[in-house]
Amino acid sequence: MKRNRTRLIQLMIILLIAAVIFILKNQLPQFLIQKPNQLFSSLKKEQIREMLLTNDKIIQLYKKDKLWYFKKDNNEFRADEERINKIVNGIVNLIKGDVVSNNKNKHKELGIDRQKIEVKTKGKSYVFYIGNSSGIAKNYIRIGDENEVFTAEGFDEAFTSDDYRDLLVRLINDETKVTLIDIGYNDILTTLLKQKSDWKIGNKTAKKDRVDFFINDLKTLKATDILPKETNLPAVVPDSIKIKEGSQEKSVEFYQQDENNYFAKASTSEFIFQIPAAYVASLKKEEKDFIE
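Residues 740 to 1031 (the working numbering) are what the sequence shown spells out, left to right.
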């Protein structure tokens, strides 16, 4: 009886081992399949402190207090984080695509002889030559002094413009914290006041979706240019919007520059913004726009 039990236990162990081997034989290849060749898997985006983009001129982008900045005409501006993040993600997630050449004599033809991005971390730098487009969202890439040229994604917008300024006016950071909005133009003043979850104009309840759209328009308001604070503003009574976000009170004044543009002077910036007239027109709301 004891011998039969021992044999049964041994048989169960053998069957278990066979089952494990069978599973591993069928599943292991899936685990062993190499991930795409991510060239800089040890490089983290948080480590990147500066980027130099070289083409006809050198564009310097640098990080300060966790934010990206860009200098133009000796003025320091917040940089376009969305555009920069696309480049940074392209670098840290760089995957080698098709190899198209190992011939250094073809570098100029492929556009990877001069146009480059130099990425700097605390103690190291990396150089990527960014060539012509090889298709939708792909470019030819060469790393450092290597001759090999391959295709990769993430760099198609790097050199579309040398202006990396963030053109957002940044009137609102967190729309959920906005509790008061005053809209004043043409001697009309409309006050939106948030009471619990409702928006009120006087004793009337405004339609939430319309207020939400308006707040989003304020949050995403984008300029076409940023001008020095010394810019002369027209001597007229400006249209204005005042906002209370949490404990912060903010404001922006709009001065008509011409039929196509307005100057915008915001309490959130030391610069003057140039805003298309159509954008400003969409902000000229009054009670009926939120109630009816």
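Each residue gets a CB set at the ideal place from its N, CA and C atoms; glycine is no exception.
query, result
"Just list the alpha helix (DSSP H) runs in the region 882-969, keeping only unbroken ones of 4 residues or longer that don't cross its boundaries, in chain order.", "947-958"
"DSSP three-state call for V976: helix, strand or coil?", "coil"
"Taking only the alpha-carbon atoms, compute the straight-line gap between A974 and S990 and give it to the nearest angstrom.", "18 Å"
"Which residues bound the alpha helix (DSSP H) around E789?", "No alpha helix (DSSP H) holds E789; the beta strand (DSSP E) holding it covers E789 to T793."
"Is there contact between the region 846-854 and the region 827-834, where contact requires at least three CB pairs shorter than 8 Å?", "no"
"I need the straight-line Cα distance from R881 to M790, nearest angstrom please.", "17 Å"
"Between I772 and the rest of its own chain, which residues show a CB-CB distance below 8 Å, the 5 nearest in sequence each way excluded?", "Below a pLDDT of 50, predicted positions are generally treated as unreliable, and I772, at 45, falls in that range; no measurement from the model is reported."
"Could you give the DSSP three-state label for F809: helix, strand or coil?", "strand"
"Alpha carbon to alpha carbon, how far is I940 from A1003?", "26 Å"
"In chain order, what residues of the same chain lie with their CB nearer than 8 Å to the CB of K968, ignoring the 5 residues before and after it?", "E1009, F1010 and I1011"
"Locate the alpha helix (DSSP H) running through S872, then write down its first and last residues.", "No alpha helix (DSSP H) holds S872; the beta strand (DSSP E) holding it covers S864 to G874."
"Which of helix, strand or coil does DSSP assign to E857?", "strand"
"Let me check understanding here. Comparing Cα to Cα, which of A818, K877 and S840 lies closest to Y808?", "A818"
"Rounded to whole angstroms, what's the CA-CA distance from E857 to A897? Just pull it up for me.", "12 Å"
"Quick one: what does DSSP say E815 is sitting in, helix, strand or coil?", "strand"
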